[in-house]
Ligand code: SF4
Ligand code: SF4
Ligand code: SF4
Ligand code: FES
């Protein structure tokens, strides 16, 4: 296969919290649930520790998409930190959108430790969505991408 | 010619305000005159560009360079002055982080030029655009080529120090002049290369005298649509103020005058991406756990990226020349 | 064909570039004055909240940020359909008057004036602020510094910052002034009036009483019979901050007077593909190229234009000087470009008088400096007189007050065509049959300085600083002679 005809394999970074979502991912791994291998997971203690800088660095470093995941609202080990993550996420998504990064390239996913299958399915779905978007195009200006602020949180 | 150290100041794509700020150190300018041979400073004296070309490398002791890199000409002069200067200071927000003209990095050059040449008063029946090289009946005439993105000075040449501000405050300029003169006389030491000079190490909030409580808000406001309390933190009143992520050094000038800090001193010490830091800061004041309500509150922030990258887009992780070139 | 490039040092300087082409006989065939830069404000202000326009557009020019701040402030008031309370208006105009006095001082003493004070024949090395101080004395140098300091102090007191003020918002300002500040402002203003009178005396003693200088002013070389533009109050007196735009014809009679919001019906901008800057002209007269006369839409906007376009000055001392100006120069209108310097000093006096008038206004310390807008924002135009010409800002927004479109016609741009014409005229009269008179550089530079072109507005160079170099080339493009303005 030549370089041009190779199907596009998106490079994706996923941030998980130590307590729920990482365990969900872990469980998905242990029980050999299949999910697309495109996502490199980075474990934080809590989704509330997610500094938007990490996400921006991921994109600047070549990621085509970023996943942010944590415990379900109400279940955070550090009480309300995942609400903080949620507020950051929504604002971040709007800013990225204005910077020319399509809304579809960043996703928030709540998963409990028991939701390995859901986690695996969501990741596979996300990879397909990003594949459809194609590689991140830095030269796109905000005027050229659809403005989208409607939020959709999964699981 | 005396053997005093040599001083130069130059503007690339700049508004000239940095030069005015230097002139505004008033009598102190005489200290500059006494301590240095001013060899190149287009605003204050005849610019002997050819003389600069003829200089030895490193012959200029101190060069204050302001303005961004908008076209190939700007870059050429930046390279020349870098070569000839021992200490190259990236002076002012334009050189350090792109400043307001860096907002152009939200758009393409084509969008920028198309807009300028199709405004309602533009009489342009043939839909002309400026050509960098144009054949007139008498011969070819040329103008510089615009860069696809506005670059900061350090994206083009190596820089020794950064001096932020749009423009840098005159009292800070005076302090830096004193420091350099003292260092030249062996009475002080210059900071390590790459340091930010003429500014503080904390944030504008730290210098701000407005009263602060735990910041929680149910709505973002617009400064013209309310009577703000002159004593209370503006962000607490819902007015988008960039103080939390902005470097100190100006004595919180704008909040003291009733206006929000718009961020001209750039990222505070240690901040990697200015906008990312502000996302964290602004998100944390929102008083809601409900997705719908959070988004409704965020709707009150009509231009978050413009708000967070007003001065810093050309220096940002995602819209600097480096990211733009990845294509 | 012979070609002469007058390039501010080299094309690498980014200041502006003049190309002169000669015809077969060795006379001037054409001249091109090129502006090398475009920063794109009209594009990147789109998407921003409209209340930021006074802050963003400041950065068009650091020499006259106050002008952009004010034009933007008036445009955003108009966008919100809000009437600024009297105190708000007066505070803005007070800031603006102090700025004007400062800016005109800088120009006269540091930039344009040295040509006169030192004399056009003085070595270039002496035709600068230091030369001026040597000639007229250190004491005057101190006064100039003092004047600039006072002006900036007022700008900072009302505008929050010395460069790039931050306090004007839709409906007024974010702050007022205290009685203590008012007193200080008044004292500085009274000093400014004396300083302005003193400056006019310097001009009188050094320039007007010297026949050679006077001849230079009234001479033909920089005479263009164009239209003139300026902002006037309801009595057709000059106002820098507010009023209607009045345009008089080359005969000095009113051609039209319009509300700022109607500017687009009267002004259009001609495009040439060899420069990044456009050439504004009077739409209903039409673009006829770089020519003067009543059939050419070329107009000028400078201190002289404002004097020509108005019926007088609104303050007594300045009015007396206004009358003297026209009686000395033979009535209205005055077409000689070098008279701009004198006109500038008359405006300096007016600005100082207005400064004191406003500082002593009983309403100036009222806390009623801001009216909260209640209407839905739509579209608005703001026009002020920048020192270097009428400045127009026009914004459109959506219903949230987010900018959707911007149009700017900045001060110096108004004069792009007339400056080009002055350059051509100087070239025409000093290049004959392939012989280039040594005085060419001088004359071109003086033309520049009279207009005080601030291509900071269009690009970034400061007024009057146009170190020039002319390269004369033979038909093969080889340089046969180089004339340099700057000293070795
Ligand atoms: S940093 Fe600000 S003051 Fe300095 S040149 Fe840039 S816009 Fe002007
Ligand atoms: S957010 Fe603004 S107003 Fe509040 S403390 Fe910080 S600088 Fe001051
Ligand atoms: S308060 Fe902010 S915008 Fe104002 S001068 Fe200071 S750093 Fe700049
Ligand atoms: S611990 Fe999982 S989100 Fe906080």
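Chains as they are written, first to last, in my numbering: chain A, 1 to 155; chain B, 1001 to 1327; chain C, 2001 to 2488.
All C-beta atoms, glycine included, are put in the ideal place defined by N, C-alpha and C.
Just so we're clear, the structure is a prediction, and the values are computed from it rather than from any experiment.
Which chain B residues sit within Cβ distance under 8 Å of residue 2287 of chain C?
Taking the first residue of the third chain as position 1, residue 2287 of chain C is located at position 287. Those are 1123, listed as they occur along chain B.
Residue 2294 of chain C in three-state terms, based on DSSP:
Here residue 2294 of chain C refers to the residue found at position 294 of the third chain. Residue 2294 of chain C: coil per DSSP, three-state reduction.
For ligand 6, which residues have a Cβ under 6 Å from at least one heavy atom, in chain order?
Of the ligands one can find in the structure shown, namely ligand 1, ligand 2, ligand 3 and ligand 4, none is ligand 6.
Is there a C-beta anywhere in chain C that falls below 8 Å from the one on residue 1139 of chain B?
The residue you call residue 1139 of chain B lines up with position 139 of the second chain. Flagged as an interface residue toward chain C: residue 1139 of chain B, by a C-beta distance shorter than 8 Å.
With H, G and I counted as helix, E and B as strand and the rest as coil, what does DSSP make of residue 1246 of chain B?
By one-based count along the second chain, residue 1246 of chain B stands at place 246. If DSSP states are grouped into helix, strand and coil, residue 1246 of chain B belongs with the strands.
Once DSSP output is grouped into helix, strand and coil, what is the label at residue 1163 of chain B?
In the second chain, residue 1163 of chain B corresponds to position 163, counting from 1. Look at residue 1163 of chain B here: in three-state DSSP terms it is strand.
In whole angstroms, what is the alpha-carbon distance linking residue 125 of chain A and residue 55 of chain A?
Residue numbering aside, residue 125 of chain A sits at position 125 when the first chain is read from its first letter. Residue numbering aside, residue 55 of chain A sits at position 55 when the first chain is read from its first letter. If you take the alpha carbons of residue 125 of chain A and residue 55 of chain A, they lie about 20 Å apart.
CA-CA distance, residue 2087 of chain C and residue 2241 of chain C?
Translated into the one-based positions of the third chain, residue 2087 of chain C becomes position 87. Translated into the one-based positions of the third chain, residue 2241 of chain C becomes position 241. Between the alpha carbons of residue 2087 of chain C and residue 2241 of chain C lies a gap of roughly 14 Å.
Short check: CB of residue 2275 of chain C to CB of residue 2035 of chain C, under 8 Å?
For the purposes of this step, residue 2275 of chain C is taken as the residue at position 275 of the third chain. For the purposes of this step, residue 2035 of chain C is taken as the residue at position 35 of the third chain. Contact check for residue 2275 of chain C against residue 2035 of chain C passes: the beta carbons are separated by less than 8 Å.
Going along chain A in order, which residues have a C-beta closer than 7 Å to the C-beta of residue 1275 of chain B?
For this step, residue 1275 of chain B is matched to residue 275 along the second chain. Ordered by position in chain A, the residues that pass the 7 Å Cβ test against residue 1275 of chain B are 95.
Could you check whether the Cβ of residue 2191 of chain C sits closer than 8 Å to any Cβ belonging to chain B?
What you label residue 2191 of chain C is simply residue 191 of the third chain in a count that begins at 1. No - not a single Cβ of chain B is within 8 Å of the one on residue 2191 of chain C.
Residue 1309 of chain B Cβ short of 7 Å to ligand 3 heavy atom set
For this step, residue 1309 of chain B is matched to residue 309 along the second chain. Checking the 7 Å criterion, the Cβ of residue 1309 of chain B is out of range of every heavy atom belonging to ligand 3.
Mind checking whether residue 1070 of chain B and residue 1116 of chain B have CB atoms under 8 Å apart?
As a position in the second chain, residue 1070 of chain B is number 70, starting the count at 1. As a position in the second chain, residue 1116 of chain B is number 116, starting the count at 1. No, these two residues do not count as a Cβ contact at 8 Å.
Given 7 Å as the limit, tell me if residue 43 of chain A has its C-beta closer than that to any heavy atom belonging to ligand 3.
Along the first chain, one-based indexing puts residue 43 of chain A at 43. No, since every heavy atom of ligand 3 falls outside the 7 Å radius drawn around the Cβ of residue 43 of chain A.
Chain-order list of residues whose beta-carbon lies under 7 Å from that of residue 2218 of chain C (same chain, five-residue window excluded):
As a position in the third chain, residue 2218 of chain C is number 218, starting the count at 1. Around residue 2218 of chain C: 2329 and 2336.
Residue 2037 of chain C versus residue 2277 of chain C: straight-line alpha-carbon distance, rounded:
Here residue 2037 of chain C is taken as the residue at index 37 of the third chain, counted from 1. Here residue 2277 of chain C is taken as the residue at index 277 of the third chain, counted from 1. Approximately 8 Å, taken between the alpha carbons.
Taking the alpha carbon of residue 1091 of chain B as the reference point, which residue from B/1286, B/1119 and B/1198 has its own alpha carbon closest?
In the second chain, the residue the question calls residue 1091 of chain B occupies position 91. Of B/1286, B/1119 and B/1198, the smallest CA-CA separation from residue 1091 of chain B is found for B/1198.
Measuring only the C-alpha atoms, how far is residue 2197 of chain C from residue 2353 of chain C?
Taking the first residue of the third chain as 1, we reach residue 2197 of chain C at position 197. Taking the first residue of the third chain as 1, we reach residue 2353 of chain C at position 353. Going by the C-alpha atoms only, they are around 11 Å apart.
Identify whether residue 1315 of chain B lies in helix, strand or coil by the three-state DSSP scheme.
The residue given as residue 1315 of chain B occupies position 315 in the second chain. Helix, per DSSP.
Cβ of residue 2045 of chain C within 7 Å of any heavy atom in ligand 1?
Along the third chain, read from residue 1 onward, the residue named residue 2045 of chain C stands at position 45. The answer is no for residue 2045 of chain C.
For residue 81 of chain A and residue 48 of chain A, the rounded distance between their alpha carbons
Residue mapping note: residue 48 of chain A aligns to position 48 of the first chain, counting from 1. Residue mapping note: residue 81 of chain A aligns to position 81 of the first chain, counting from 1. Each residue's Cα considered, the two are about 5 Å apart.
Can we say the segment 1308-1323 of chain B touches the segment 51-69 of chain A, given the rule of at least three CB pairs closer than 8 Å?
Flag = yes, the segment 1308-1323 of chain B and the segment 51-69 of chain A touch.
Quick check: is the beta carbon of residue 1289 of chain B nearer than 8 Å to any beta carbon in chain A?
For this step, residue 1289 of chain B is matched to residue 289 along the second chain. It does: the Cβ of residue 1289 of chain B has a partner Cβ on chain A nearer than 8 Å.
Any beta carbon of chain B sitting closer than 8 Å to that of residue 2483 of chain C?
By 1-based counting over the third chain, the position of residue 2483 of chain C is 483. Low local confidence applies: a pLDDT of 46 at residue 2483 of chain C is under 50, so the model's placement there is unreliable, with the coordinate-based value given in what follows. Answer no: the Cβ-Cβ gap between residue 2483 of chain C and chain B never drops below 8 Å.
Helix, strand or coil at residue 1013 of chain B according to DSSP, with G and I counted as helix
Residue numbering aside, residue 1013 of chain B sits at position 13 when the second chain is read from its first letter. Assigned with DSSP and collapsed to three states, residue 1013 of chain B falls in strand.
Nearest neighbour of residue 1037 of chain B, chosen from B/1024, B/1063, B/1021 and B/1027 [CA to CA]:
In the second chain, residue 1037 of chain B corresponds to position 37, counting from 1. Considering only alpha carbons, the answer is B/1063.
Per-residue burial, residue 1097 of chain B [other beta carbons within 10 Å of its own, 16 or more giving buried]:
Residue 1097 of chain B sits at position 97 when you count from the first residue of the second chain. It counts as buried.
Any C-beta of chain B sitting closer than 8 Å to the C-beta of residue 2444 of chain C?
Residue mapping note: residue 2444 of chain C aligns to position 444 of the third chain, counting from 1. Interface with chain B (8 Å Cβ-Cβ cutoff): residue 2444 of chain C is excluded.
Count the CB pairs spanning the segment 1151-1170 of chain B and the segment 1112-1130 of chain B that are closer than 8 Å, and state whether there are at least three.
Using a Cβ-Cβ distance cut-off of 8 Å, the segment 1151-1170 of chain B and the segment 1112-1130 of chain B are not in contact, since fewer than three pairs of beta carbons, one from each stretch, lie closer than that value.
Please go through the same chain and pick out, in chain order, the residues whose beta-carbon is closer than 8 Å to the beta-carbon of residue 1191 of chain B, but skip the five residues on each side of it.
For this step, residue 1191 of chain B is matched to residue 191 along the second chain. Around residue 1191 of chain B, the same chain offers 1161 and 1197 as residues with beta carbons nearer than 8 Å, after the five sequence neighbours per side are excluded.
Specify whether the segment 96-103 of chain A and the segment 23-30 of chain A touch according to this definition: at least 3 beta carbon pairs, one from each stretch, less than 8 Å apart.
No contact exists between the segment 96-103 of chain A and the segment 23-30 of chain A.
Please report the residue range of the beta strand (DSSP E) in which residue 2229 of chain C lies.
Translated into the one-based positions of the third chain, residue 2229 of chain C becomes position 229. Following the DSSP letters along the chain, one finds residue 2229 of chain C inside the beta strand (DSSP E) bounded by residues 2227-2232.
Using the beta-carbon of each residue, which ones in chain B are nearer than 8 Å to residue 2270 of chain C?
For the purposes of this step, residue 2270 of chain C is taken as residue 270 along the third chain, with counting starting at 1. Residues of chain B passing the Cβ test: 1123.
Limits of the unbroken beta strand (DSSP E) element including residue 2405 of chain C:
Walking along the third chain from the start, residue 2405 of chain C turns up at place 405. Taken as a continuous stretch (DSSP letters only), the beta strand (DSSP E) holding residue 2405 of chain C covers 2403-2409.
Between residue 2033 of chain C and residue 2412 of chain C, how many whole angstroms is the CB-CB distance? I'm expecting something under 8 Å.
Against the third chain, residue 2033 of chain C aligns to sequence position 33. Against the third chain, residue 2412 of chain C aligns to sequence position 412. Wrong, their Cβ atoms sit about 12 Å apart, outside the cutoff.
Euclidean distance between Cα positions of residue 2380 of chain C and residue 2103 of chain C
As a working mapping, residue 2380 of chain C is identified with position 380 in the third chain. As a working mapping, residue 2103 of chain C is identified with position 103 in the third chain. If you draw a straight line from the Cα of residue 2380 of chain C to the Cα of residue 2103 of chain C, it is about 27 Å long.
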